[in-house]
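Asks:
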Amino acid sequence: MSAMPMRRTWLRSEAFLLAVLVVEIAIFSRTGTQFFSGTNAMEILRLSVEIGLLAVVMTPVVLTGGIDLSVGSLLGLCAVCFGKLWRDGGMPWPAAAGLSLIVGLTAGGLNAALITRLRLPPLIVTLGSLSLFRGLAEALTRGVDNFTGFPPDFLAWGQGYLGGVVPAQAPLWLGVAVGMTLLVHNTVFGRALRAIGHSPEGARHAGIAVERCTAVVYLLSGLAAALAALVYVARVGQAKADAGTGYELLAITAVVLGGTSIFGGTGSVIGTLLGVAALAVLRNGLQLSDQPGELAGILTGALLLVVLTAEVVFKKFSARRRGSSTLPASNSPSNPASS
Amino acid sequence: MKRYGRELSVTASLGALLLLLAVVAPAFFGRQQLLTTLTAAAPVLVVACGMTLVVLTRQIDISVGSQFALCSVAAGLLARAGWPMPAVILAVLAGGALLGAFNGLLVAGLGLPSIVVTLATFVTWRETLRWWREGEFVKDLPDRFQWLGLGQSSGQLFILLAAAAVFALLVYGLRRSAVGRFVYAVGSDREAARLSGIRPEWVTWGTFVTLGALVGVAAVLNAIRFADVDPKTGTGLEMQVVAGVVVGGVAVSGGRGTLWGVLAGVLLLACIAPALVFLKFPPQWEKAIQGAIILVAVAADGSRRARR
Amino acid sequence: MNRFLSLLPALLVLALASVGCKPSAPDTAGAAQTKTGSDAAAPAGGGAGKALTIAFLPKSKGNAYFIAARQGAEQAAKELGIKLLYDGPTEPDPAKQNEIVETWITRGVDVIAAACENREGISTALRKAQSRGIKVVTFDADALPDARSFFVNQATPEGIGNALTDEAARLLNGSGEYAIITASLTAGNMIEWQKAIEKRNAEKYPNLKRVALRPCDDLKDKAFAEATAILNANPNVKLLMNICSPAVPGAAEAVKQAGKAGQVKVIGLGLPNENKRYVKEGVTDTVILWRVVDLGRLTIHVAAATARGELKPGATQFTAGALGSFKVSGDNVLLGEPFKFTKDNIDQFDF
Amino acid sequence: MNADPHIERSNLGTPLLRLAGVTKSFGAVRALKGVSFDLRAGEVHALLGENGAGKSTLIKVIAGAHGPDGGELEVFGSRLERLDPGTAHRLGIACIYQQPALFPDLTVAENLGIRLEPSTPWRRIDPTARRGWAEALLQRVGARISPEAEVRSLSMPEQQLVEIACALGAGARVLIMDEPTASLTRREVERLFELVRDLRGQGVGIIYISHRLEEIFALADRVTVLRDGESIDTRPVRDSEGRLQLTESELIQCMVGREIAQLYPAPLRPPGAVAVKLNQVGCTESGVRNVSLEIREGEILGMSGLVGAGRTELARVLFGLTPADSGEIQIGGTAVTIRSPRDAMRHGIAYVPEDRRRHGVILEMPVADNLSLAVLRRLFTGGWLRASTERGMATDLIQRLGVKCAGPQALAGSLSGGNQQKVALGRWLATQPKWLILDEPTQGVDVGAKGEIHKLIRELAGSGLAVLLISSDLPEVIGMSDRIAVMRGGTVVSTLPGGSTAAQVMAAALGQSEEAQ
């Protein structure tokens, strides 16, 4: 009962998303061949780890009122770096993996520096680094290099199953998810992020190190992209400059679907997890129902609009019934101090 | 002077790039090349003008690429169905306005965040088109389609004039008409606008409709350069346009920016790709350079403001 | 509140149900609920009583090339009375291909026929499929040999590279500058073709010189802009070689608008329909491609035969029904040489 | 636009505006429960009431920003079902809100143009003509502002003058002013009063809202008191011979419906040792230079000065928001470096900022979260939040400060201004500071809450805190301070003893030497 009104908001969007998920599962269990099975559940889990990692760490970024469009490109860059260090640099894979994480952290640091030091809007900074990181990945490989043939003990992280059932990357994913949930909801840091999201100036006046906290979320985002890159390479077995193209949009979709406000301040990691699940189940279920892939895209967009609209309509509805505790004048979203 | 700092710095960057080209590769200024570069940039500029309106009201539309593809395919299909070209243009313009109106309805009417709404419509329209057309070119277009049947040089002239007309109209409208000021007012302070008797919802909605219509116009201007329509056209257009608008100095927080800056921004970005060919740059560096230019352009402005 | 919450999912049920329950696309030959889970594990030898399910995986959907291949595949499916699944990534993406294969494994299909975006990338998933009793054949672009039974080989990268280079040399009389327009710098098969072209160029035509290589993002409009820039930046370029299909009409349009038709030759890999106009106008000289529809058709025949045990390793000849007889070399079923579409024959083809 | 303020004198005395039984609810909150009100031409009608009494809602109804739920609304003799801002504007109702509703990105002329030129969207703008009449209007209100200046660059009083110019230009027959003097200096207030009297003379009806009762007596013809969304009473201020008919305490009692404590409580203890010493502190960026000061334990140092004299800027320097680049700050006898708010907090400094809604509290967060925001690290060692600890702390503070809210989980935005201010103050009390900087702590706070906040400040000083009280409310500075520092041009020009007169303080603020008087 740490924050009742906020908790109530989470519960609302989470409950709704959960309902959507149940509906999806109910339908696909009827229409999809082999959909309702433990194996398939594990496959869905396995295939959603990369997007999940990006989305879960995107949540605190969005909570501060920011956005990170560069994660997909950074995933590509880190994958390529990992491949290059391992193959051309002759490094053992754990060392290459460690260095790739540092690359991710550095790239996140570049975003963080531009956003916090120069006070540039995150949307623009990461739009630029989206191009930059992808470009560096292409430049590094001249576009043509494709790193493959990774050692089996590395590939086991993305292709193996623990006890023959649980995908090998699941524990890592679970760890990050739980860690981020605790970080965002149960720590002083998470509270500071919310304050920044609602009002950066207000947070500064309360003695919160706004710049440092903001920088940390972009660093985390870079780190998550690098981690996702490793999982990606281990799963697919190759590292190429185009890895992760478009993942940023999927991650943001999951975050927003999960009820996190794009204006910052409100949202939950649990919601994001449900969002990732709703998207993954939708794709998987449609395919098992022998429906074309385009439909998944169309329904993803539609789902996003339905959920958002429902939220707004519900808010109006409940405000009329229960009586609103919000100010009548504060209907315009607070503007993150940008530009 | 300070107020137009970004416009000047972008224009200066553009000037520097052109100067470099003039020295290293004068062939860039050949008539044919210049015409192609400009006619290719014209549709982008038209969309960017519309995007400027939207960004000025503190919104964004990332579905323009998908709208553009839908409009292009529609133009091709209608022309093939035997519609006269003026009717095709009008229909596509109306169709674009309709798509924009849908986004606008969700954003202005329901108050949903524009970036999310247009992310959703971006995916939905693109996938719908792919499902419907399966990537097939719209072929066998009548002769009156390419260059509107005017022939190449008149057609190119038409495209440039049309884009220039749209640009001039919007520059004039933004500076000299009351609605233009309303757009700035809504982006500057929405509540104050409401209290001044402006209806921000309608202004916002209007900017989305205008953007949609302009996307329709741009789609036609782009499509008539060719003899058939690629349904994948417009992929990545949203990034090009948003980058041009932002590099041109329009603040994403709304209320600030001019179309002249956007013109410079769009031209700068439009020149980079052909310039790299002329400067014999290895192609794999292209994206990195584009990203770096965007970052440097905004960072220069940002550091100037941070120092102030 | 509860009433409200339950309302929207209900609407969503309707929306999903309306698309989820009816086979709306023409690619599903039968209703969705025909199969049960036990089929997946059953030996895929398949009696005549049960329709085979063959999953057909293109590199990307919405690409005219694979649509043509799918035409052939559907034709073959009708001939053989099998159920055909067609799905692929919307953009060429090895990770998405893996995802789709994984889902097909879960779903339980009998055969997977895949055009591999990336050899190593997809092989893991295909091996997994084989281990679950699913037969795998590849077409268009191969996987690793141990990840599939047969590869329907329309042309090797060398074959394509050689054909393109030879054609370029023929048109330029063995010497001159040329430029290549590709889809993207990262597209797997195009990288192989580029290498083959470079090799052939170096070995046989010392006077041919490639002066530019530009990506067009698989977009015709961008190919046009790139081609124009190449022509103006390199006035000595006498030939544009386009190794992705949208680039061929794009480059042809650029040459035409530059008024250089005839002076600058245009060749490339592309579909006849997209290029008819330019070939007939004499802007594009040669379009090289195999008969894609036949490729799709043959692939399904090979897939079905593999599943039914009619095509076994060691065979040297394979008869694909009405399509005719094809040579089998090792585990490659050969479609035949690349085909050159020119002014004289292009009207005979419609794909 | 064509301003024609010369209303026929015959209109004088007829009601411009009449409201009867107007109600308005937001959700379950009934902001107006039945308000009757009328405004005659050529009068200044003051609207009084505590915050939350419904004044803001009422003027928004009149200005068309909110549609009423029920009741009658009559404008210039004709009944209206509802009003939107555009219509109100056309009818000649102008409203100057507390926060000027101007567009920061546009120039003054453009701002005036948006409201004064015909509202048809599709018309051409003539910038030259616009500049001309904008300049004329600005001159009429005595503002020395360029029409080409961006509003962003104007000070608060300048922005207010633009608003007034706007109302003038619109030929407003009804002018609503919501606390127009809140951020004005005395001289600016005088000029404003002149303007208001001038407008009254021209037959404009003025609705005037202020918490400063002395202004009401100086300016108003009639007073209507609102309490809890109802109009309690409407009375003339003077009788026909010009004698005052009301007393301050009568009004206050009418507003709060009860007796309130003395507005300025007496000091509880004499000042102790020097707690804070500033030595030639300066900051180029914010224009603060060579500030030297001493504050003792338990002392309230009032800080007066004109707007723009650098008072808030100094506070921001001391709190590390714009760090000092010269001079020395000593706390408890040792020199300290303050480069960020965190540094400041480490040294026991607390700063309750001027702009409550933007800086003081975070409106979208619950009261409890707001109260704990500055002490998160101390409250939760190890960084883990514990709901019960937070709730306990918040409940304590809420009780101690007498914050009226639905509970620790109520959103700060749902509280009235005075209670928000208490939360902002409470957040810093939780840090157990040694030195408290208060920047306009009672601005926009109603009388009842004002007295409570003053009492609280006294108690805090009594417990040994050094308090720096920045305020533009002269009686407050004089009534509360042990000593008064006066700033001008970014530096402290003089320090006056407690009990100085308003005239002495003003003289120092304006830079007139006492000899010259």
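Residue numbers (this note's numbering), protein chains in the order written: chain H, 1 to 339; chain Z, 340 to 647; chain F, 648 to 998; chain Y, 999 to 1515. Think of the CB as a built atom: it goes at the ideal place given N, C-alpha and C, for glycine as much as any other residue. Computed from a predicted structure; not experimentally measured.
Closer than 8 Å is the cut-off here; do at least three beta carbon pairs connect the segment 1480-1491 of chain Y with the segment 1303-1317 of chain Y?
Replies: yes
Asks: Does the Cβ-Cβ distance between A830 (chain F) and M837 (chain F) come in under 7 Å?
Replies: yes
Asks: Select from Y:Q1157, Y:K1402, Y:A1168 the residue whose C-alpha is nearest the C-alpha of V1202 (chain Y).
Replies: Y:A1168
Asks: So, is Y1349 (chain Y) buried or exposed, given that buried needs 16 or more other C-beta atoms within 10 angstroms?
Replies: buried
Asks: Please list, in chain order, the residues of the segment 234-245 of chain H that have any C-beta partner in chain F closer than 9 Å.
Replies: Per Cβ criterion, the list reads R235, V236, G237, Q238, K240, A241, D242, A243, G244, T245.
Asks: Since I believe A716 (chain F) is in contact with L942 (chain F) (beta carbons under 8 Å), could you give me their beta-carbon distance rounded to a whole number of angstroms?
Replies: 6 Å
Asks: Which residues in chain Y have a C-beta closer than 8 Å to the C-beta of V518 (chain Z)? List them in chain order.
Replies: P1119, W1120
Asks: Under a CB-based cut-off of 7 Å, is Q718 (chain F) close to chain Z?
Replies: no
Asks: What ranges does the alpha helix (DSSP H) occupy inside the segment 851-907 of chain F, keeping only unbroken runs of at least 4 residues that lie completely in it?
Replies: Fully enclosed alpha helix (DSSP H) runs of 4 or longer: 867-880, 894-904.
Asks: In chain order, which continuous runs of the alpha helix (DSSP H) of length 4 or greater are located wholly inside the segment 1113-1149 of chain Y?
Replies: 1125-1138
Asks: Once you ignore the five residues that flank I208 (chain H) on each side, which residues in its own chain have a CB closer than 8 Å to its CB?
Replies: A192, A195, I196, listed in sequence order.
Asks: Is D674 (chain F) close to chain Z, meaning its C-beta is less than 7 Å from at least one C-beta of that chain?
Replies: Because the pLDDT of D674 (chain F) is 40, which lies under 50, any placement of that residue in the model is unreliable, and the number read from its coordinates should be weighed accordingly. D674 (chain F) does not count as touching chain Z.
Asks: Please list, in chain order, all residues of the same chain as L652 (chain F) whose beta carbon is under 8 Å from its beta carbon, the five residues on each side excluded.
Replies: For L652 (chain F), the pLDDT reaches just 45, beneath the cut-off of 50, and the residue's location in the model is therefore unreliable, although a value from the coordinates is still provided. Closer than 8 Å at Cβ, skipping near neighbours: no residue.
Asks: I'd like the span of the alpha helix (DSSP H) that includes R924 (chain F), first residue to last.
Replies: Unbroken alpha helix (DSSP H) run through R924 (chain F): 919-928.
Asks: For a test of the three-state rule: what should DSSP assign to T253 (chain H), helix, strand or coil?
Replies: If DSSP states are grouped into helix, strand and coil, T253 (chain H) belongs with the helices.
Asks: Would you say R281 (chain H) reaches chain F, if we count a Cβ-Cβ gap shorter than 7 Å as a contact?
Replies: The displayed chain sequence assigns Val, not Arg, to residue 281 (chain H). So, not an interface residue.
Asks: Assuming G600 (chain Z) contacts V589 (chain Z) (C-beta within less than 8 Å), just tell me the rounded distance between them.
Replies: So it is a contact: roughly 7 Å between Cβ atoms.
Asks: In chain H, what lies closer than 9 Å to M1154 (chain Y) by C-beta?
Replies: Near M1154 (chain Y) there are no residues of chain H at all, since even the closest Cβ is about 17 Å away, more than 9 Å.
Asks: What does a CB cutoff of less than 6 Å around E900 (chain F) pick up in its chain, not counting 5 residues either side in sequence?
Replies: The answer, listed in chain order, is F871.
Asks: Is the beta carbon of G835 (chain F) less than 7 Å from the beta carbon of E749 (chain F)?
Replies: E749 (chain F) sits away from G835 (chain F), with the two beta carbons spaced by 7 Å or more.
Asks: Run through DSSP, which three-state label would A788 (chain F) get?
Replies: Here A788 (chain F) sits in coil by DSSP.
Asks: Counting only Cβ-Cβ distances shorter than 7 Å, please list the residues of the segment 65-95 of chain H near chain B, keeping chain order.
Replies: Protein chains in the displayed structure are H, Z, F and Y, and chain B is not among them.
Asks: Measure the C-alpha to C-alpha separation of V1221 (chain Y) and L1463 (chain Y) and round it to an integer number of angstroms.
Replies: 40 Å
Asks: What separation, rounded to the nearest whole angstrom, lies between the Cα atoms of P539 (chain Z) and R533 (chain Z)?
Replies: Distance between the alpha carbons of P539 (chain Z) and R533 (chain Z): 6 Å.
Asks: Can you give me, in chain order, the residues of the segment 164-198 of chain H that have a beta carbon less than 8 Å from any beta carbon in chain Z?
Replies: none
Asks: Report, in whole angstroms, the separation of the C-beta atoms of L918 (chain F) and F998 (chain F), which I expect to be a contact under 8 Å.
Replies: L918 (chain F) to F998 (chain F), Cβ: 6 Å. Contact.
Asks: Is the Cβ-Cβ distance between Y1262 (chain Y) and V1042 (chain Y) less than 7 Å?
Replies: no
Asks: On the three-pair Cβ rule with 8 Å, is the segment 955-967 of chain F touching the segment 922-940 of chain F?
Replies: no
Asks: For R1236 (chain Y), write down the residues that DSSP places opposite it in a beta bridge.
Replies: Y:L1242
Asks: Three Cβ pairs or more, each shorter than 8 Å: is that satisfied between the segment 396-416 of chain Z and the segment 473-490 of chain Z?
Replies: The segment 396-416 of chain Z, when compared against the segment 473-490 of chain Z, does touch it at the 8 Å Cβ threshold.
Asks: When you compare each of Y:A1134, Y:R1376, Y:D1444 to P1431 (chain Y) by their alpha carbons, which one comes out closest?
Replies: The shortest C-alpha separation from P1431 (chain Y) is found at Y:R1376.
Asks: In chain H, which residues lie with their C-beta within 7 Å of the C-beta of K626 (chain Z)?
Replies: S131, R134, G135, E138
Asks: Considering only residues of the same chain and omitting the five flanking positions on each side of A695 (chain F), which have a CB-CB separation below 8 Å?
Replies: Because A695 (chain F) carries a pLDDT of 46, less than 50, the predicted location of this residue cannot be relied on, and the following value inherits that uncertainty. So no residue of the chain qualifies.
Asks: From the beta carbon of R595 (chain Z), is the nearest beta carbon of chain Y less than 7 Å away?
Replies: Cβ-Cβ to chain Y under 7 Å: yes for R595 (chain Z).
Asks: Nearest to L458 (chain Z) by CA position, among H:F317, H:I102, H:I252, H:G275, is which residue?
Replies: H:I252
Asks: Mind listing, in chain order, the continuous alpha helix (DSSP H) runs of no fewer than 4 residues lying wholly within the segment 1313-1341 of chain Y?
Replies: none
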